[in-house]
Structures are given as C-alpha cells and as structure tokens.
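Using my numbering, the letters of the sequence shown correspond one by one to residues 16 to 373. C-beta: ideal position from N, C-alpha, C; glycine also.
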Amino acid sequence: MEERKIRVAITHGDTNGIGYEVILKAFEDPGMLELCTPIIYGSPKAATYHRNTLHLETPFSVISKAEDARDGRLNLLAAFEEEVKVELGTPTPESAEAARKALQRAKEDLKAGAYDVLVQAPVVASNTPDREDRSLLVMFSDDIRIALATNRLPIKEVAQSITQDSIVAKGKLFHTCLKRDFRIQNPRIAVLALNPQPGTEEKDIIAPAIASLEQAGIQAYGPFVADDFFGNAYQNDFDGILAMYDDQGNVPFKTLATEYGVKTKTGFPFIITTPDHGPAFDIAGQGIADPASLRHAVYAAIDFFRNRADYDEPLANPLPKLFHEKREDGDKARFAQKKPFPPKASETDNSNPPAPES
C-alpha cells in the first residue's frame, strides 16, 4: 500500500454543542497532523466564533473542496453557504440543520472518494428506531467491545425484533469487524441473554443462533445472563460482546470505558466513527469538554483504514490451507458451555459460577 497520509473528514456536529471545542482541542497537538490530513466539514464563521469564545489558538485553513486540502494543516471546508447563528448550550433547529448539511456534504464527498474515512462530531441522537438496520453498532474502548443486536428500540419491541436470523446476521457482522477492523485473528464473541432468567427467547432463538454461528466457524458462546456476566468480569475472556438492546450494552460500556469511548457502524463499505458522547449542551462554551473520545475516534478510523487494507490484500489471492491447527479444537472446548446458558449466581450453591479460562 502506498505510504501517504490518510485523509480524515470530520463533521462539525451540532454547532451549539461541544463539537468545535473537541475538534480544535484535539488538533492543538501538532502530532495529530503527522498522522493524517484532517478536513473539517462545517462553517468557517461558526468555527471562528467557537475558537474565539473558548480562547483557543488552533489554526485552520479554509478550503472550498476536499481536493484543496493540504498536509500539515487543519483544513476547514465550507460545507454550506448559509450563516449559522451560534447559541452555545441551546439545541435549535438551525444548529441541527447545520449538522445535517455538513454531514450530507461529507457523505457526498465520501462516495466520490474525496477522502478516506469519516469521523462525526456529536449530534443529538435520532429518535428513529433501527428496525430493519442491516448494519451493526459497535462501541469500543481499550479493553472492551460491545455490539448491539437492536438499536434505539422501545423495550416493549425488543423481544419481538430479536430473531434467530437477525442474531446470526449481527454475529457475522461483528465477527468480520473484529477480524478486519481490529485485526483479531480468531475472535471470541460472548452473546448475552435477553432475560434476567433463561426463558423462551434464550431457548428457542438465541441458543440456536449461537449454534448456527458455531457451524459457520465463529467462536460464539452463551447466552450469558448480563448481570452475572459483567458482575464476574467475564468480559475479560472475550474479544467482543453482543448485547440484545441499548441499555444492556450501553450501561456496562459507559461504566467500564472510563478513559474514552468510540462508536462505529460496521456493515458499510465506508469507515465511519464517532465519539461515544452527545453534544453536551450543558457544558458547551465553558472550555471543559474532553477531546479524548474525538481524538480516539480519529485514531480508530485511521487504524481501521490500514487494517482493512492489510486484511483484504492477501484475501485477493488466498493460499489453500494445508494443515489443521489443534488450537482450533482446543479453544472451542475450553470456552464451551456445558449448559445452554449459565445459571444466575443466586441459584447456585457457589455464589460465583466458574468463569471461562483466559
């Protein structure tokens, strides 16, 4: 692969939130410009307003199209012509529209190949449920990766939306993401149960889905009751965790990912990452927003781009496998569950069920 700086597009997010603050703070460090060529999709006037209000000194150069971006500088592309009234800390239809326009322009340029990867600064989360979403939301930090089998669904709709086929499809997407983006050679995936005690969904849907994933050569285990799983730190024995719904994945993730959090949606031909936090209107304009998650979203996008290139190159001309590795059988036996789902700690004589060996 040709050695060159990766072009990273960054949308400005909601203009009344902390988007510009975390972007400008992240690129205060000149070392960031050694890693990539950043292109902010936004409004020069809004960016200047934020920079002056926050007393930041991060310089940027205004450009009109992505092709004009230059290495060694923070490029700001004027994504739309209209002026934006900035009202820090107050979500308005105008600020949301500015975020939408910047993202729309960035997506158009992404499809045209004007840059390599996209990082989205925070916006107000959509209230539209993903009932037929064929992508997969993955949240990750240094030591944990959690994917959501359903996303933004009301609790009353979660059970009816979980099917054997959907779990198999999400499990395969997660497996590919772990191998291709994170470059984990033989990932182990824990699948959480839906209910606090094993029920119909676990027996008739989730357990058969796990069996189907196993037949497809994927190391999938469970279903694990969520409170026992995290309460006993079983997450340390797995490369990824597939949760059934938002709170089941988000609550432990935000508890365990204390330094930073990043989200990505896999299943697309493009790489898109975003910080795992919202516009934080309550602290906008105060100069106290932490840029760590935005910075790591940039790092991750760059890593994914390189990892995919390394992963895809040998697959273009694969060599036949000439031997069988014993560890392929050994790992499966080592993490196999003797029961379709682990018992709750309260239902056993021993307060802590045995954890899989690491």
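Per the Cβ contact rule, the segment 151-165 is in contact with the segment 278-292 (3 or more Cβ pairs under 8 Å).
In this structure Ala312 is in contact with Val134, their Cβ atoms being roughly 5 Å apart against a cut-off of 8 Å.
Here Asp158 is exposed: its Cβ has fewer than 16 other Cβ atoms, across all protein chains shown, within 10 Å. Beta-carbon to beta-carbon, Ala231 and Lys187 are separated by about 7 Å, close enough to satisfy the 8 Å threshold. Taken atom to atom, the span from the alpha-carbon of Thr52 to that of Gly46 is near 11 Å.
Ala84 sits in coil when the DSSP states are folded into three classes, being neither helix nor strand. For Gln119, the enclosing alpha helix (DSSP H) starts and ends at Pro108 to Lys126. If you draw a straight line from the Cα of Phe253 to the Cα of Ala162, it comes to about 13 Å.
Annotation: Ile287 to Ala113 spans about 19 Å, alpha carbon to alpha carbon.
According to the DSSP secondary-structure assignment, Gln135 is paired through a beta bridge with Thr26. Within a 10 Å sphere around the beta-carbon of Pro74 sit fewer than 16 other beta-carbons, which makes this residue exposed.
Between Gly57 and Ala94, the C-beta spacing is below 9 Å. Collapsing the DSSP output to three states places Ala235 in a strand. CA-CA distance, Phe319 to Phe197, rounds to 7 Å.
Residue pairing for Leu91: DSSP places it in a beta bridge opposite Ile55 and Val77. Excluding the 5 residues flanking it on each side, Asp124 has same chain C-beta neighbours closer than 6 Å at Ala81, in chain order.
The DSSP-derived three-state label of Leu207 is strand. If you ignore the 5 residues before and after Phe42, its C-beta comes within less than 6 Å of the C-beta of Thr73 and Leu89, all in its own chain and listed in chain order.
Only buried fits Asn31, as 16 or more other CB atoms lie within 10 angstroms of its CB. Boundaries of the beta strand (DSSP E) around Pro290: Ile287 to Pro290. Nearest to Asp131 by C-alpha distance, out of Gly264, Leu228, Ile170 and Arg22, is Arg22.
Beta-bridge analysis with DSSP links Val277 to Phe155 and Pro290.
Residue pairing by DSSP leaves Ala222 without any beta bridge partner.
When Ala226, Thr273 and Thr215 are compared, the shortest CA-CA separation from Ile204 is found for Ala226.
Boundaries of the beta strand (DSSP E) harbouring Ile256: Gly255 to Ala258, taken from the DSSP string. The residue from Ile38, Leu69, Lys20 and Pro169 with its alpha-carbon nearest to that of Leu91 is Ile38. In terms of Cβ geometry, Arg160 and Ser141 do not form a close pair [threshold 9 Å].
Shown here, Ile298 sits in a helix according to DSSP, grouped into three states.
Residue environment analysis places Pro137 among the buried positions, since at least 16 neighbouring C-beta atoms fall within 10 angstroms of its C-beta. According to the DSSP assignment, Leu188 belongs to the alpha helix (DSSP H) that extends over Gln179 to Arg195. In the DSSP assignment, Ile21 is bridged to Cys51. Straight across, the Cα-Cα distance linking His65 with Tyr314 is about 24 Å. Counting C-beta atoms within 10 angstroms of its own C-beta, His190 has 16 or more neighbours from the protein chains shown and is therefore classed as buried. Ile317 sits in a helix when the DSSP states are folded into three classes. Judged by DSSP in its simplified three-state form, Arg198 adopts coil rather than helix or strand. For the options Lys60, Ile199, Ile170 and Leu309, the alpha carbon positioned closest to that of Leu209 is the one of Ile170.
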